[in-house]
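Protein chains: 2
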Amino acid sequence: MSEGKTPEPTLVTWHQAEVQRARGAVLWFTGLSGSGKSTIANAVDQRLHQLERASFVLDGDNVRLGLNPSYERLLPDYGDDFARRFGLGFGVLDRQENVRRIGAVAELFCSAGLIAITAFISPFREDRDRVRRQIEANGAPGDFLEIYVQTPLEVCQARDPKGLYRQALRGEIKNFTGIDSPYEEPLNPEITLKTAEASVEDLAQQVVGYLKACGKT
Amino acid sequence: MSEGKTPEPTLVTWHQAEVQRARGAVLWFTGLSGSGKSTIANAVDQRLHQLERASFVLDGDNVRLGLNPSYERLLPDYGDDFARRFGLGFGVLDRQENVRRIGAVAELFCSAGLIAITAFISPFREDRDRVRRQIEANGAPGDFLEIYVQTPLEVCQARDPKGLYRQALRGEIKNFTGIDSPYEEPLNPEITLKTAEASVEDLAQQVVGYLKACGKT
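Note that the protein sequences, when read in sequence, are chains A and B.
When you read off a place in the first sequence, starting at 1, and then add 6, the result is the number in the numbering used here.
When you read off a place in the second sequence, starting at 1, and then add 6, the result is the number in the numbering used here.
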């Protein structure tokens, strides 16, 4: 970069020296609120860590605070105009954008060679399929694994770990998946986890076994 | 997760089993268009890869296509309403949001233990400082390194690798940093790279040496 005779060729050479990494994968957990997505996702993350396979969980805790904040969260630092324009709520378009961005970040982690693990309800088939198409287009089929956490609605409601079903049934939360907004089951998920029939340990092992079988660990 | 006597404690136990990772760092390159940010960023990435230190470059190529797409890019898949609401242009608020999201993703990579390397003009001090505050708040001082790629404007203009300065001078691009939009130099960057005085190899080594000295490699 010093101003010698041929700065441009030097630049070009270095651009060609970009690191070539083996792609990781995206484990896209989907299921009702309270179905066990985060619990199993974290158990898978733990197993992969023990296997020294780099991975990372994207979930509500780290995404709604940073990547996809609400109006209220943006307001103090960015002001009203900005927060109105970019704050994410729970309307139809907002939810699409929420899933789209999570997919884009999962894709970046996959490009970096990690196993990206997402744990969001992501109730709509079209949204999930769009993420799949994008990730497969940048990589290959097999990079995106849809994992359906199949827990009956009545079990999720009885469990209700955050009290959200109770609030939704009282009408205090609108458009709540399973109550007054639909959940579209995956048609051809790579993995279905029947949570009523196995322990968390076994379910996590089922996912890790699948990854091993396709050479992703 | 099977319906036994004490499903809740099992969930809690598994939530506590979240992987504790050492944080990585964020190398935030800033400088004029054509200053050499991407070139040096990729050289640093390459060195870290050789040292077997996990890292990843976020730059225009992988961010404008996925995480932060324009109206035009969103339109075919998402339709007009969605693309109007969420497509990012080059207005003041759009640029703020662009930097904000990149900062949030860099933070996620840092949480995952990687060295996240960003290479964007990011001309405004306030935007960079906000990212610094967020990353340090979630981690510690030292997690965010501002790296000023100090190349004189006339050198960048003479180099003009993408022909952008020529377009801006003809008025075909508006709000172009250094032409009709300001670049605010960092006041206290952790590292300043004087590109007129050293080779790309030496500059990359300067960054990696700094990381070694603070125990980040």
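Cβ coordinates follow ideal geometry from the N, Cα and C atoms, glycine included.
The distance from the Cβ of A/Pro147 to that of A/Pro188 is about 28 Å, inconsistent with a contact at the 8 Å cut-off. Within its own chain, the residues whose Cβ lies closer than 6 Å to the Cβ of B/Lys222, once the five positions on either side in sequence are excluded, are Ala31, listed in chain order. Pairwise C-beta distances place the stretch 152-163 of chain B in contact with the stretch 191-198 of chain B, as three or more of them are shorter than 8 Å.
B/Gly40 places its beta carbon less than 8 Å from that of B/Cys162.
DSSP lists no bridge partner for A/Phe92.
A/Ala202 sits exposed, since fewer than 16 C-beta atoms from the chains shown fall within 10 Å of its C-beta. Per DSSP, the unbroken beta strand (DSSP E) holding A/Lys200 starts and ends at Ile197 to Lys200. Residue pairing by DSSP places A/Leu151 opposite A/Leu33 in a beta bridge.
Rounded to whole angstroms, the gap between the alpha carbons of B/Tyr171 and B/Glu160 is 10 Å. One Cα belongs to B/Gly215, the other to B/Asp133, and the distance between them is close to 27 Å.
For B/Gln212, the closest of B/Pro167, B/Leu33, B/Pro82 and B/Glu78 by C-alpha to C-alpha distance is B/Leu33. Residues of the stretch 60-85 of chain A with a C-beta atom less than 9 Å from some C-beta of chain B are Ala60, Ser61, Phe62, Val63, Leu64, Asn68, Val69, Leu71, Gly72, Leu73, Asn74, Pro75, Leu80, Asp83 and Tyr84, listed in chain order. DSSP places B/Asp133 in the uninterrupted alpha helix (DSSP H) bounded by Arg131 to Asn144. Chain order gives the chain A residues near B/Val111 as Leu73, Val111 and Leu114, where near means a beta carbon separation below 8 Å. Inclusion of A/Ala118 and A/Arg27 in the CB contact set at 8 Å is warranted, their separation being smaller than that value.
For A/Ala122, the enclosing beta strand (DSSP E) has its first and last residue at Ile121 to Ala125.
Within chain A, the residues placing a beta-carbon under 7 Å from that of B/Val25 are Asp51, Gln52 and His55, ordered along the chain. Under the 10 Å beta carbon count, B/Asn181 is surrounded by fewer than 16 other beta carbons and is classified as exposed. Not a single CB atom of chain A sits nearer than 8 Å to the CB of B/Leu217.
At a Cβ-Cβ threshold of 8 Å, B/Phe62 and B/Ala122 count as neighbours.
Between B/Asp87 and chain A, the shortest Cβ-Cβ separation is below 8 Å.
Close partners of A/Ala28 in chain B (Cβ separation under 9 Å) are lacking, with about 12 Å as the shortest Cβ gap.
Where A/Phe62 is concerned, the enclosing beta strand (DSSP E) starts and stops at Ser61 to Asp65. Within chain A, the residues placing a beta-carbon under 7 Å from that of B/Arg91 are Leu99, ordered along the chain. In this structure, DSSP gives A/Ser44 a helical state, which the three-state scheme calls helix.
Against B/Ser128, chain A offers no close residue; the least beta-carbon distance is about 16 Å (beta-carbon pairs closer than 9 Å). B/Ser76 and B/Glu24 have their C-alpha atoms some 36 Å from each other. In terms of Cβ geometry, B/Val50 and B/Ala219 do not form a close pair [threshold 8 Å].
For A/Glu160, none of the residues of chain B pass the 9 Å Cβ criterion, the least Cβ distance being about 11 Å. About 4 Å separates the CB atoms of B/Leu81 and B/Ala89; that is less than 8 Å, so the two are in contact. For A/Ser117, the secondary structure class from DSSP, reduced to helix, strand or coil, is helix.
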